[in-house]
Each structure stands twice: as structure tokens, then as C-alpha cells.
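Trainee:
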Amino acid sequence: MLIDFFFTLKDAKIPVTIKEFLTLLEAMQQNVIDQSLDDFYYLARLTLVKDEAHFDKFDRAFAQYFKGINGAFEANASIPLDWLVQRMQRELTDEQKAALEKFGYDKLMERLQELLKEQKERHEGGSKWIGTGGTSPFGNGGTNPEGVRIGGKGGNRTAVKVWDQRTYKDYDAERELGTRNIKVALRRLRRFAREGAAEELALDQTIRATANNAGYLDIKMQPERRNNVKVLMLFDVGGTMDDHIERTEELFSAAKTEFKNMEFYYFHNCVYDYLWKNNRRRNAERFPTWDVLRKYKPDTKLIFVGDATMSPYEILQPGGSVEYNNEEAGAEWLARFTHAFPKFVWLNPEPEGLWQYRQSIAVIRQLMNNRMFPITLDGLERAMRTLTK
58 MLIDFFFTLK DAKIPVTIKE FLTLLEAMQQ NVIDQSLDDF YYLARLTLVK
108 DEAHFDKFDR AFAQYFKGIN GAFEANASIP LDWLVQRMQR ELTDEQKAAL
158 EKFGYDKLME RLQELLKEQK ERHEGGSKWI GTGGTSPFGN GGTNPEGVRI
208 GGKGGNRTAV KVWDQRTYKD YDAERELGTR NIKVALRRLR RFAREGAAEE
258 LALDQTIRAT ANNAGYLDIK MQPERRNNVK VLMLFDVGGT MDDHIERTEE
308 LFSAAKTEFK NMEFYYFHNC VYDYLWKNNR RRNAERFPTW DVLRKYKPDT
358 KLIFVGDATM SPYEILQPGG SVEYNNEEAG AEWLARFTHA FPKFVWLNPE
408 PEGLWQYRQS IAVIRQLMNN RMFPITLDGL ERAMRTLTK
């Protein structure tokens, strides 16, 4: 039976191998887990999935193969969004809540299987079908003393089981990211070195010195390993970037945590002859771009963050800025940055499928030698690999 499961994972584009599959079979023959679907799930994920970026795909394939809630809909389909909107808020009295039938776990699961076979459409506000906002034991957003939550968020916390809860959904390489997952991707850009005074125990040296000292403890210390990568981030702000504030803030927060040697500046649409650090005081506290170019060493990693969406004149023509009459074209300044810092990338929060429709994005990509990447897990990982080459 597990051969079909193996091919289900392959169809989901999870890079599983025959060797890993045989390891799973061997573990089952050795009875390393109890006869439990949950235990099998964790064993299968441990032996078959090598990269946490595939956890979400594995969850979906597992649910599909073992007749989870995805089996009630088309393969790989999502629960319709309006199922998750609680359009009916019900306030029940204590007597009404007490009157609701308690199925018991076995009977509850048996009844759910029956409904999955019978129900053909969405439903809300009732007491029988799988839906939202009712008293049925199946669905979400309603009230029942014990039930199976399907989709949506928990409310009364009385569900005895939550179907298709995908713990690692944000790790999907095609999905947009939260701060935690951005940190995971940025950690690829790390280069550790020992610097400063002795701060941590040198375990191997302590053991060796103690052995040479006839067993008398001889503690050795060493400098702590620190990430000495230097990063310069330039953020586009205002205008069309207002649509990407949340994602940009998450990236900014993650970068400040991961990179101890990080400097940042703001610009609008394209870099010109000055930058700033405080948007409220952007007209009073400006930093000449020439000073920024001279301040940091050539081994600094340069990261532009912006949607590159503007008039092409703002990039290619003197005086093209929408705010003032710039003497030199933005393209000239971009060329100076890429020459001063050979390790550079451009991170674009705009969905990659829309890039072909923006003339300015094509211009920026050419100026960046095609080193433009989307702000997704896969895009950030590719960007970090580019910066470490």
C-alpha cells in the first residue's frame, strides 16, 4: 500500500528517493512506532522529507492519500474563502448548549465519514452538514460541545480533532513569508569567525589540556564565533511600496535580527544623490550618496528592496525624479553602487508573475545583471546563494 503513497509524494513534487522509502519500511518492520496514523505521519516526514521547505507539500499529499479533508474536494484545491468567513454569529443559551448531542469520538468520526460522502455543496448555520456558524459537530465558527473543526480558526476550543491543520504551511517555497521564515532564509548568508576576547569554553582544548595535566582540570577559553558579514540594505519607501509595507517590515525586522553588522537607508523609487534614515526627517537629515558609497568596504553585501515600479524616465533620465530635479539619472547611481559593492541583489515584493508587465522592472533587472529575486522562501534562498558566491 505504501508504494502508492511514495508515488503520491513524487506527484506532489517532493524529492523523495527509493533509499529513503526503504528506510521508512525498515523502521516500520522494526516497530519503532505504535500503530497510530499520527505516529506514522511523523515517521514518514522524518525519513522522507529532507528540506523543511517541503513540509507543507508533504502535509497536503499525506492528507490527500490518507483520505483527509482534501479527499472531499478536488485534489490540491483549497477550502473556498467564504467558508472561512463567519457570516452567522449565534448566541446560544446554556440550555441550548446542553441540549446539543454529544456523539462520542468513535461515533463522531463515523458520522463525519457519512457526511463527506453525502454533502455536495457548502453550508452554513445548520445543525447537520459540514459548514460554518451552526450547531453541527463538523465545520468551524459555530457552537458544539464536541466536534471536528474543519478549516477556519478555533473559537470555543471544544473540538476533539482538527482536520487538515498544516503546521508548516508558511514553509512552502511558493508562499509569502512571515518574519520567522525570512530569518531561516537569511541565515544562509552567514560567515562565522572568532573575534574579540575569550568568552566561551573551548571544550576540545580543555579536554586535551586536562588529559595532559594528569587529570587536573585545565580550562581553556576561546573567543565567541560571530557572524562577521557586513550588509547594506537600501529600502524603497512610499508610493507603490505602500502596498508592500507589511512584508517589507517583516524583512527589515528579520534582517536586523540576523545581521549584527547591518546598515540601512531609504530612497524613493530609485537612488539618486542622497538617501535618508528617518522618513519623518527626510528633508532635514539627508546623507549624500557619495558618502555612503565611500563609507563601506567593497566586501559589504548590498541588498536593494523595492518593487521597481515607476516611470522608466525616473531611472534613465536626468531630472526624472518625481520629487525634484536630479542632475544625474538614477541608472548612473545604480551603476556606481554595483561597481562599489560587487556582491549585490535586488529583492522585489511584487509577485514575480507581474514583472513582465512592468517596463521599469525590466530596466532595473538589466541594470542589476538579472540579480532580482522575489520575496518568497525560494527567492530569498536564491538571493542569499548569489551573495555568497
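Each residue of the sequence shown is one higher than the one before, starting from 58 at the first, in the working numbering. All C-beta atoms in this analysis are idealised placements derived from N, C-alpha and C, irrespective of residue type, glycine included. Here the structure is a predicted model, which is why all the values come from computation and not from measurement.
If you check the beta carbons only, do residue 458 and residue 371 fall under 7 Å apart?
Mentor: Residue numbering for the chain in the displayed model covers 58 to 446; residue 458 lies beyond these limits and cannot be assessed.
Trainee: Residues in the same chain with beta-carbon distance under 6 Å from residue 367, minus the five sequence neighbours each way, listed in chain order, please.
Mentor: So the list reads 326, 417, once near-sequence residues are dropped.
Trainee: Using DSSP bridges, identify the partner residues of residue 331.
Mentor: Residue 331 pairs with 345.
Trainee: What does the Cβ neighbour count give for residue 342, buried or exposed, with the cut at 16 atoms within 10 Å?
Mentor: So residue 342 counts as exposed.
Trainee: Below 8 Å, can you find three or more Cβ-Cβ pairs linking the region 65-78 to the region 98-117?
Mentor: Touching, yes.
Trainee: Taking residue 353 and residue 289 to be in contact with their CB atoms under 8 Å, please state how far apart those CB atoms are, rounded to whole angstroms.
Mentor: Contact flag correct, Cβ pair sits at about 6 Å.
Trainee: Rounded to whole angstroms, what's the CA-CA distance from residue 445 to residue 400? Just pull it up for me.
Mentor: C-alpha separation (whole angstroms): 8 Å.
Trainee: Sorted by chain position, which residues of the same chain lie with C-beta nearer than 7 Å to residue 440's C-beta, five sequence neighbours on each side aside?
Mentor: So the list reads 402, 404, 430, once near-sequence residues are dropped.
Trainee: So is residue 60 buried or exposed if we call it buried at 16+ other beta carbons inside 10 Å?
Mentor: Looking at its Cβ environment, which holds fewer than 16 other Cβ atoms inside 10 Å, residue 60 is exposed.
Trainee: Is the separation between the beta-carbon of residue 357 and that of residue 287 shorter than 7 Å?
Mentor: Against a cut-off of 7 Å, the Cβ pair of residue 287 and residue 357 comes out as a contact.
Trainee: Which runs of the beta strand (DSSP E), 3 residues or longer, sit entirely within the region 345-391?
Mentor: If we require 3 residues or more, the beta strand (DSSP E) runs fully inside the region 345-391 come out as 358-362.
Trainee: Roughly how many whole angstroms lie between the Cα atoms of residue 263 and residue 278?
Mentor: The alpha-carbon atoms of residue 263 and residue 278 are separated by roughly 8 Å.
Trainee: Which value, in whole angstroms, describes the spacing of the CA atoms of residue 31 and residue 266?
Mentor: Residue 31 lies beyond the residue range present for the chain, which begins at 58 and ends at 446; the question has no answer from this structure.
Trainee: If you drop the 5 nearest sequence neighbours on each side, which residues of the same chain put their C-beta closer than 6 Å to that of residue 276?
Mentor: Within the same chain, residue 276 has close Cβ partners 263.
Trainee: Taking the straight line between their C-alpha atoms, what separation do you get for residue 385 and residue 408?
Mentor: Each residue's Cα considered, the two are about 30 Å apart.
Trainee: Could you have a look at residue 62 and say whether DSSP puts it in helix, strand or coil?
Mentor: Reduced to three states, the DSSP call for residue 62 is helix.
Trainee: Determine, using beta-carbon pairs with one atom in the region 304-313 and one in the region 329-344, whether at least three such pairs fall under 8 Å.
Mentor: No, because fewer than three Cβ pairs between the region 304-313 and the region 329-344 fall closer than 8 Å, the two stretches do not touch.
Trainee: Ordered along the chain, which non-local residues of its own chain (more than five positions away) have a Cβ less than 8 Å from that of residue 331?
Mentor: The answer, listed in chain order, is 343, 344, 345, 346.
Trainee: Compute the distance between the beta-carbons of residue 84 and residue 100, then report whether it is under 7 Å.
Mentor: Cβ distance < 7 Å, so residue 84 and residue 100 count as in contact.
Trainee: How is residue 73 classed by DSSP in three states: helix, strand or coil?
Mentor: Of the three classes helix, strand and coil, the one that applies to residue 73 here is coil, per DSSP.
Trainee: Residue 392: which of 410, 421, 88 sits nearest, CA to CA?
Mentor: When each option's Cα is compared against that of residue 392, the closest is 421.
Trainee: CB residue 243 to CB residue 315, shorter than 7 Å?
Mentor: Yes, the pair counts as a contact, with Cβ atoms nearer than the cut-off.
Trainee: Taking buried to mean at least 16 other C-beta atoms within 10 Å of its own C-beta, is residue 381 buried or exposed?
Mentor: Answer is exposed; the Cβ neighbour count stays below 16.
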